[in-house]
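One structure below.
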Amino acid sequence: MANQNWFDFEKDIVELMDQLEKAKETHEMGKLDMTDMMATLENKIEEAKQTVYGNLSGWQKVQISRHPERPYTLDYIENIATDFIELHGDRQVKDDKAIVGGFANIEGKPFMIIGQQKGRNTKQRQLRNFGMPNPEGYRKALRLMKLAEKFNVPILTLIDTPGASPGLEAEERGQGEAIARNLLEMSVLKVPVICVVIGEGASGGALGIGVGDRVLMMEYTWYSVISPESCSSILWRTWEMKERAAEALKLSATDMLQNKLVDGIVSEPLGGAHHDPQAAYDSLKAAVLQSLGELEGMDPEDRIQERIAKFSAMGVVVDA
Amino acid sequence: MNLDFEDDDDLAGNGPKWYQRTWSGILTKTKDKKPTPDGLWEKCKRCKEVAPTKDWIVNHYVCGACGYHERVGSMEYFDILFDDNEFTEINANLSSGDPLKFTDSAPYTDRVVVAQRKTGLKDAVRTAHGKINGQPLMVACMDFNFIGGSMGSVVGEKIARAIDYSLATRSPFMMISKSGGARMMEAAFSLMQMAKTSAKLALLDRAGIPYISLLTNPTTGGVTASFAMLGDVNIAEPEALIGFAGPRVIRETIGRDLPKGFQSSEFLVEHGFLDFIVNRKELKKKVSTLLQIIWSQKQN
Ligand SMILES: [Zn+2]
């Protein structure tokens, strides 16, 4: 198979695809007429896909969100935007490569696009710190958001992080303060803010660029206060309960929408964005432009009040 | 994010476990409401000095010998701050829902009930307004003994409503943080309390109303990464553990022991994230003086 990275739970699909491949070979070599067989297999593959992808568990969605061939922030920028001008640095310490950002046009409309960036190979992963920003990453993001506000340019953030970086330097430079500051400042940005979870949305590290008028999740992503593995290790003192933790956390896009903790779901090609990246780009672009259409006509102060009211309504309490 | 709120041993190298039980019966009452517990003695957790319990109470649970700040709860802080211990608690009856039906070894709702029974509290924060040396102040104070002071919907909502009160009455807001971070059993609901409280603080900031944040041992995770670090003035008690990631997580990440004093209040002052450290015995005076300078005298 061309795709080397199939999950265990996709086994039925892969086996049928192998059979189809062989049938095609046989057919093409002219040994036997396999037309009927091929049609049957294609139907079966379609059925298997519906069955597998229609019944994904929370943990399986987490796995898809981490697929090594899944599009990352720069892939989306390259494919949904033009004229991307990347900007660097927080003007205080350094340029954090785990967060990228800059001005661009999407269908001729100006945007500031900011997102966490993961790497595809060992070297890139190190450079990008696995998509785990340091404080200077959050401060760079804030600097760019303020710049966008100054020039009245809407903001799009793309969230894809296993969490903010835990380390000596991150603590010395105030990881907590950096994230906290972003939460406060993002709540009162005068321009439209659209946030989309494109992969992993882990904890404060994700929320640090996630306070928006519209917060969307792509179909096969997750967003929660902790990863299922860490949740498992804390609650059960083992990493092995991650599947149960993923269910308990209700971290999938459908759960998050149902709990009114996000505003919408961006559909992906069946099985995940990596199966058909172009379809994922088109889908994200359409969702972003639709959100902007809903937001750009609003009075900035109304938009801010609505944004704050939305987050203020989150939570379930009993007055008794 | 340090969510491992049960891992109390990790906190600021405080040495052997303190007998929480010893305190809990005493701490729920103030000196005004209960006769001084004559004949009882308590040992300092750090220097092992033994002193009469009534002295501990008078000293606001700061060791007379070494200055160690024993962990106390909202009841004690209200007593320390509010004139004559007079205050009005708001939203006292808010308690947790269970939107996720979260269950690990026990259902979350059971854990909440147990914590409520054990502590006599509804959740991990109490909010009250009163006067501090004659000046109005809204205080939200966390209680660590309620599920590690973890932040779920109730904590976020009560803080948000306390800030609303400050906005409506134009009275300064003070937050006393003491928390292991997010409450995992409320998952993303817990996470979003960070955004909710920070957004409310943005409104307070725009209104020009003072916000003083006091960080006490420990303040970690999502609490540090939201309201605790957003004070106009950030202050802390001595030797408190303050950080985003918990010490154990960082130790595991870097694969070696942490430097001495790492993530202590003193460390944070040195790195520029706190304005000053305040001894609990000086807390009321310092806060009221600050408020007098930046706020109260302009209101008359
Ligand atoms: Zn002592």
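As given, the protein sequences belong to chains A and B, one line each in that order. In our numbering, each residue carries its 1-based index in the first sequence increased by 263. To convert, note that position 211 of the second sequence is 196 in our numbering; the numbers rise steadily by one, no gaps. We treat Cβ as the ideally placed atom computed from N, Cα and C, and that holds for glycine.
- By the C-beta criterion, the stretch 424 to 433 of chain A is judged to be in contact with the stretch 395 to 407 of chain A, since at least 3 inter-stretch pairs fall below 8 Å.
- Just so you know, the alpha carbons of residue 262 of chain B and residue 41 of chain B end up roughly 21 Å apart.
- Counting along the chain, residue 269 of chain A sits inside no beta strand (DSSP E), nor does DSSP assign it H or E at all.
- At least 7 Å separates the beta-carbon of residue 394 of chain A from that of residue 420 of chain A.
- Interface criterion not met: the Cβ of residue 396 of chain A is under 7 Å from no Cβ in chain B.
- If you measure from each CB to the nearest heavy atom of ligand 1, the residues under 6 Å come out as B:29, B:31, B:32, B:34, B:48, B:50, B:51 and B:53.
- Put simply, the backbone Cα of residue 32 of chain B is about 46 Å away from that of residue 474 of chain A.
- Around the C-beta of residue 323 of chain A, 16 or more other C-beta atoms lie within 10 Å, and the residue is accordingly described as buried.
- Counting along the chain, the unbroken alpha helix (DSSP H) around residue 540 of chain A starts and ends at 540 to 558.
- If you draw a 10 Å sphere on the C-beta of residue 471 of chain A, you find 16 or more other C-beta atoms in it, and that means buried.
- Shown here, residue 111 of chain B sits in a strand according to DSSP, grouped into three states.
- Beta-bridge partners assigned by DSSP to residue 277 of chain B: none are found.
- Residue 485 of chain A is classed as buried because its beta carbon has at least 16 other beta carbons within 10 Å across all chains shown.
- Interface annotation for the stretch 509 to 521 of chain A against chain B: 511, 512, 513, 514, 518 and 519, criterion Cβ-Cβ distance under 9 Å.
- Unbroken alpha helix (DSSP H) runs of no fewer than 4 residues, entirely contained in the stretch 468 to 543 of chain A, are found at 491 to 498, 505 to 512 and 516 to 521, following chain order.
- When DSSP reads this structure, residue 458 of chain A sits in a beta bridge with A:420 and A:478.
- In the DSSP assignment, residue 346 of chain A falls within the beta strand (DSSP E) that extends over 345 to 349.
- Contact with chain B is found for residue 580 of chain A, since one of that chain's Cβ atoms lies less than 7 Å from the residue's Cβ.
- Within 10 angstroms of the beta-carbon of residue 209 of chain B lie 16 or more other beta-carbons, which makes it buried.
- Scanning its chain for C-beta atoms nearer than 6 Å, with the 5 sequence neighbours on each side dropped, one finds around residue 376 of chain A the residues 340, 367 and 419, in chain order.
- With respect to the C-alpha of residue 85 of chain B, the residue from A:353, A:519, A:314 and A:294 having the closest C-alpha is A:519.
- DSSP places residue 330 of chain A outside both helix and strand once states are collapsed to three, so it counts as coil.
- Contact with chain B is absent for residue 379 of chain A, since none of that chain's Cβ atoms lies less than 7 Å from the residue's Cβ.
- Judged by pairs of C-beta atoms under 8 Å, the stretch 254 to 273 of chain B touches the stretch 215 to 226 of chain B, as three or more such pairs exist.
- Residues of the stretch 483 to 500 of chain A whose Cβ lies closer than 8 Å to any Cβ of chain B, in chain order: 486, 487, 488, 489, 493, 494, 497, 498 and 499.
- Using a Cβ-Cβ cut-off of 8 Å, residue 382 of chain A is close to nothing in chain B; its nearest Cβ partner there is about 18 Å away.
- Under DSSP, residue 76 of chain B takes part in no beta bridge, so it has no partner.
- In the structure shown, the three-state DSSP call for residue 199 of chain B is strand.
- At a cut-off of 7 Å between beta-carbon atoms, residue 94 of chain B makes no contact with chain A.
- Scanning A:334, A:404, A:411 and A:535 for the CA closest to the CA of residue 382 of chain A turns up A:334.
- Counted as a single uninterrupted DSSP element, the beta strand (DSSP E) harbouring residue 120 of chain B occupies residues 120 to 127.
- By the Cβ rule, the stretch 132 to 140 of chain B counts as touching the stretch 166 to 175 of chain B, because three or more pairs are nearer than 8 Å.
- Residue 136 of chain B is bridged by DSSP to B:167.
- For residue 275 of chain B and residue 147 of chain B, the gap between their C-alpha atoms comes out near 20 Å.
- Counting C-beta atoms within 10 angstroms of its own C-beta, residue 359 of chain A has 16 or more neighbours from the protein chains shown and is therefore classed as buried.
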